[in-house]
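Please read the structure below before turning to the comments.
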Amino acid sequence: MSQVDGSYDCVTKSPMGDQKSVFTVSSDGSSFTGQNAGAMGSLDVENGKVDGNKLTWTMNMKVPMPMTLECEATIDGDALTGTIKAGAFGSMAMTGTRQG
Numbered sequence: 003m004s005q006v007d008g009s010y011d012c013v014t015k016s017p018m019g020d021q022k023s024v025f026t027v028s029s030d031g032s033s034f035t036g037q038n039a040g041a042m043g044s045l046d047v048e049n050g051k052v053d054g055n056k057l058t059w060t061m062n063m064k065v066p067m068p069m070t071l072e073c074e075a076t077i078d079g080d081a082l083t084g085t086i087k088a089g090a091f092g093s094m095a096m097t098g099t100r101q102g
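Residue numbers (our numbering): 3 to 102.
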């Protein structure tokens, strides 16, 4: 298990208010898979890359409208800080804490 693996309780500061989710990370060397599941549904990680403690990935949102989200996060111990870029909606801050 790498330093980035785990499940994180996250909050994303979106235009629709704070969105709570659980972000899971399962790494394999320089790549990772997982999902971000919350009230808006579950989105699978696509193109997940690991560089030390930095993660980059995309997610394809279907609702409320189709959009590709460009995401990045840094894991520092059990803390996650990152951003989700949502096209014309701009960049939203994402923070989280590893469970357990």
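All residues carry an ideal CB built from backbone N, CA and C; glycine is no exception.
No residue range can be given for A90, since it is assigned to no beta strand (DSSP E) and is classified by DSSP as neither H nor E. In this structure, the alpha-carbon of L45 lies about 10 Å from that of S23. Taking all protein chains in view, the Cβ of M67 is surrounded by fewer than 16 other Cβ atoms within 10 Å, so the residue is classified as exposed.
Considered as a whole, the region 22-49 harbours 33-40, 43-46 as its complete beta strand (DSSP E) runs of no fewer than 3 residues, in chain order. A Cβ-Cβ separation of about 6 Å places A81 in contact with T99 under the 8 Å criterion.
Going by C-alpha positions, G89 is about 19 Å away from L57.
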